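Notes for the one structure printed next.
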Amino acid sequence: MVTSMHIDPNKMVTIKIDGIPVTVPSGTTIMEAARKIGIKIPSLCHHPDLGVRAFCRVCLVEDSHSRRLKTACNNLVDEAGDITTNSPKVRKARKTVLELLLANHPQDCLHCERNGKCELQTLAAEYNIRGNIFDPVWKPVPKEMSNPSLVRDMTKCVRCGRCVEACQAIQTTNAIGYSGRSTDFKITTAFEKPLSESPCVYCGQCVAVCPVGALYEKDDTQRVWDALDNKDKFVVVQTAPAVRVAIGEEFGMARGAIATGKMVAALRRLGFDKVFDTDFSADLTIMEEGYELIDRIKNGGTLPMITSCSPGWINFVEKTYPDLLPHVSSCKSPQQMFGAIAKTYYADKMGIPRDKMFVVSIMPCIAKKYECQRPEMNSSGYQDVDVVLTTRELAKMIRMAGLDFNFLPEEEFDHPLGLGSGAGAIFGTSGGGMEAAIRTVYEVVTGKEPQSLDFTACRGHEGIKEATLDLDGMPVKVAITNGLKNARVLMDKIRAGEADYHFIEVMCCPGGCVGGGGQPFRTTAAIREHRMDGLYKVDKSLPLRQSHKNPDIQTLYSEFLKEPNSHLAHELLHTHYQDRSAK
Amino acid sequence: MATETLSRERVLEIIEECGGDKEHLLSILIEIQRECRRNYINEASARVVAEKLDIPLVQLYDILTFYAMLETKPRGRYIIEVCNNAPCYISKSHVMAKFLRKELGINFGETTPDGMFSLQYMPCVGACNIGPVIKIGDKVYGNLNEERIRKILKELRENAQ
């Protein structure tokens, strides 16, 4: 653990690293200080967004005076003085630590989910490991594949504890933790139960931080290839807002780069019959959710109303706060609204039999895989969304198809389910759902256009944001939160009767969907910010920035749904939740 | 006093009797285990403790599996702990250990199929003058030989009827 006694962050400390003086605030770790002068100290357990554990022991450095080795991730510059990061002793020690880790790790890299993206594999290459010094001691453990979202292959686990930190400290889901000691030390659920019987919400934050192939999403790419190859199927795809500002990272584009056009082109070349946009159904969600909110405020419904777009969040409420389910909007998520509309309105309009329509979603999310398989998500008479792929899985398909992503032209979404407003686009970041709702609700309630469409009080990735909006004399108090640890604070406030908000936006993952568990690996808080900026740029660049002004949404209502919260809208676009807490 | 499984009410009583807060967690767990006939803490009891003391179940499981004295799987009604420190070894504790294994038909770390006995090692209890010693519950038995062990096992079996 990092010792925090006598640390004055205002005090500057100067130490020498490899003979180079570095001045950093007191309390900085050796690892962080070394970064400042361009020295990367290897680690498997350290992660900039997570607490320090010092489990993996790879980050050894040498104290130049005492000649002792110490870990760089948890030792502070305050007691350091003079450090050597590149001595024969350091190189040998790090290599030995890696060799010991490899003795306890199956070496079927060729068949591993993380082949080419594994941090242990990368370090083994960097340290020029060319064979096994130690006899293998690992024992196979059965893979856990009992849920639709994620796979746990504990044979591959290096016991770095990042996943536990994500699950317990960041999300407070407390599905996984440690058990045993010494050689029995491992990562498990309580009483070794399957994840489906744990508080797991399938947010995938554990997957996002796993350095190796121990945790990954259930691969559904083959099911999509099969559908694309099946001439009987009409295969449509929807892409979530947060995917367009992250997929580029998989192909060397800048962090948060807007890759909408190239992504659409790639999907078309993969063979999808129509390429649509979840931004469209996000606009639809705003219509349904906005009117539901107005109805609840005017007619004394349960307040505060809480958003329901994030499936990890829904799982969390059902498992942990079932008594507060009446607060959750009855709206399905944009993904499920899309599926329901695609297999009813759109299929019928195009004359395609509903059973021939195959709906694929590209999502930044692992929980979406679970959501689409919920038995109640079959308003069309069939499973509304057939397969969910993560951003990473789409990148895999693009690579397998041999598409040079950077070389692709910029193409446009198809119509009519491909037109989304800027309000729909910002759904992908924390605060975006709220801002999108306000842009419409303001106008519906007051009959006037807002002076500015930029409700900046909603923006940013702070844990909990609060604002009071003046809807032409009617004050509406809102709160926005991301990450379940922060959401828990608001839920406890509601339980205690201390929350006087009208409307709360909750996104399960830190930063919202831009930080989803299905996004490219090695996501950090800094990268999430870039993706968020990308989404606000998308919003700003669009002529259409309010959901209710989306002409295709207006047509959908006039031709089919009639009006928001109509009987048909309720049948197709709203849902019921159930208490899934452990009894 | 020991029962097959503890009721929710009894677990709640134990929590209160032992101090009722997180600081007394280990006392609470030891007491629950002691009252359970099979010398372990089952998931149902753990859930009550987790809920009452506001500890996530997975973190409680970490604690249960960390301490050697706590067990999450059923053990024998009587846990026979054999001292494996040097003085007892000189007094032929290994011979007694071998005899116990043969007599019970189980290895150390295992439980007899009838759920009556478990075998495990323990460190010195300071009764070296009467070594080799074994401990069953709170009672230490010394000056062991095969005949005496047979007698102890027989008495315990009868006691359990």
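From first to last, the protein sequence lines stand for chains A and B. This note's numbering applies: residue 1 is where the first sequence begins, and numbers increase by one. This note's numbering applies: residue 584 is where the second sequence begins, and numbers increase by one. Note that the Cβ used here is the ideal one computed from N, Cα and C, for glycine as well. Quantities reported herein were computed from a predicted structural model and do not represent experimental measurements.
Under the three-state reduction of DSSP output, D63 of chain A falls in the strand class. Put simply, the backbone Cα of R545 of chain A is about 14 Å away from that of D552 of chain A. Secondary structure within the stretch 604-692 of chain B: the alpha helix (DSSP H) runs of 4 or more consecutive residues, fully enclosed, are 608-618, 626-636, 640-649, 669-673 and 676-687 (chain order). Under the three-state reduction of DSSP output, K231 of chain A falls in the coil class, being neither helix nor strand.
Distance from I719 of chain B to L727 of chain B at the Cβ level is roughly 12 Å; contact not present, criterion being Cβ atoms closer than 8 Å. Per DSSP, the unbroken beta strand (DSSP E) holding M363 of chain A starts and ends at M357 to M363.
Of all residues in the stretch 44-70 of chain A, none comes within less than 9 Å of chain B when Cβ atoms are compared. N482 of chain A: member of the beta strand (DSSP E) spanning M474 to N482, first to last residue.
At least 8 Å separates the CB of E614 of chain B from every CB of chain A.
Secondary structure at S566 of chain A: coil, using DSSP grouped into helix, strand and coil. Per DSSP, reduced to three states, the secondary structure at A457 of chain A is helical.
Within its own chain, the residues whose Cβ lies closer than 6 Å to the Cβ of G424 of chain A, once the five positions on either side in sequence are excluded, are D279, A282 and D283, listed in chain order. Between F191 of chain A and chain B, the shortest Cβ-Cβ separation is below 8 Å.
The continuous stretches of beta strand (DSSP E) do not include I314 of chain A, which lies in the alpha helix (DSSP H) extending over residues P311 to T320. Counting along the chain, I719 of chain B sits inside the beta strand (DSSP E) bounded by residues I717 to I719. The stretch 726-743 of chain B makes contact with the stretch 671-686 of chain B: 3 or more CB pairs, one atom from each, lie closer than 8 Å.
Chain-order list of chain B residues neighbouring R181 of chain A: F649, by C-beta distance under 7 Å. In the three-state scheme derived from DSSP, where H, G and I count as helix and E and B as strand, L542 of chain A is classed as coil.
Interface residue (Cβ-Cβ distance to chain B less than 8 Å): G161 of chain A is not classified as such. C666 of chain B and A680 of chain B have their C-alpha atoms spaced approximately 9 Å apart.
Not a single CB atom of chain A sits nearer than 8 Å to the CB of Y623 of chain B.
The alpha-carbon of F338 of chain A is positioned some 18 Å away from that of I314 of chain A. Collapsing the DSSP output to three states places T189 of chain A in a strand. Judged by beta-carbon spacing, K218 of chain A lies beyond the 8 Å limit of A227 of chain A, meaning their Cβ atoms are not closer than that value. Contact between the stretch 639-657 of chain B and the stretch 171-179 of chain A is present: 3 or more CB-CB pairs across the two stretches fall below 8 Å. Taking C-alpha positions only, K477 of chain A is separated from D533 of chain A by approximately 25 Å. Contact with chain A is found for Q642 of chain B, since one of that chain's Cβ atoms lies less than 8 Å from the residue's Cβ. Annotation for G433 of chain A: no beta strand (DSSP E) segment contains it, though the alpha helix (DSSP H) segment containing it runs G432 to T446. Between the stretch 234-251 of chain A and the stretch 389-406 of chain A, the count of Cβ pairs shorter than 8 Å is three or higher; the stretches touch. When DSSP states are grouped into helix, strand and coil, S182 of chain A belongs to the helix group.
The distance from the Cβ of N550 of chain A to that of E292 of chain A is about 18 Å, inconsistent with a contact at the 8 Å cut-off. In this structure, A437 of chain A places its C-beta atom within 8 Å of the C-beta atom of I286 of chain A.
For G177 of chain A, the beta-bridge partners assigned by DSSP are A:T188. The C-beta of P657 of chain B comes no closer than 8 Å to any C-beta of chain A. Secondary structure at S281 of chain A: helix, using DSSP grouped into helix, strand and coil. Rounded to the nearest angstrom, the gap between the Cα atoms of A479 of chain A and T71 of chain A is 41 Å.
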